[in-house]
Amino acid sequence: MATEGTKFQVNYKLSDGTLINLYAATVTELEAGLADLAMNALNIRATGNELSGGSAPAPTVASVAAQFNATPVAAAPASDGAQNCRHGVMAFREGTSSKGPWKGYMCAAPKGATDKCDTIWVR
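The following block contains the structure:
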């Protein structure tokens with residue numbers, strides 16, 4: 311809600327009808343608010359879908375990198391049996407399940423990333 315000190319007001323209406331209102335008293339506050347909205351656009355969209363009963367896919371690594379103007383870093387060559395994927399060095403993990411012991415290299419992408427690479431299982 312705009313206060314008496316509000317000098318700038320920006321309103322966005324998303325395609326699903328969601329309204330986003332940004333209020334600022336100074337240009338600095340306005341710029342910071344717009345930057346915050348830009349960095350959280352995917353979260354805002356996903357939350358709107360979730361609240362409306364839809365399902366929003368998890369953001370991809372590429373889309374998050376694009377939000378921050380990030381440049382992908384090439385993975386270092388694998389050494390000592392280590393494995394790489396397009397997200398970096400894969401983590402070696404091992405454990406025991408109801409089917410017995412297991413070993414594998416897991417993708418470095420964040421949990422829930424839609425472009426997460428398949429595990430490379432060690433037999």
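Heads up: the sequence shown begins at 311 in our numbering, then just goes up one per residue.
Just so it is clear, CB atoms sit at the ideal spot from N, CA and C, and this is done for glycine as well.
| Check | Outcome |
| --- | --- |
| Simplified DSSP state of Ser-373, which is helix, strand or coil | helix |
| Supposed close pair Leu-329, Gly-343 - CB separation, criterion 8 Å | Their Cβ separation, rounded to whole angstroms, is 15 Å, which puts Leu-329 and Gly-343 out of contact at 8 Å. |
| Residue span of the beta strand (DSSP E) that contains Met-349, given as start and end | Note, Met-349: premise wrong, no beta strand (DSSP E); alpha helix (DSSP H) at 337–349. |
| Whole-angstrom distance between Phe-378 and Met-434, CA atom to CA atom | Not covered by the structure: residue 434. The range shown for the chain is 311 to 433. |
| Helix, strand or coil at Gly-358 [DSSP, three-state] | helix |
| For Gly-414 and Trp-431, believed in contact at Cβ under 8 Å, the rounded distance | 5 Å |
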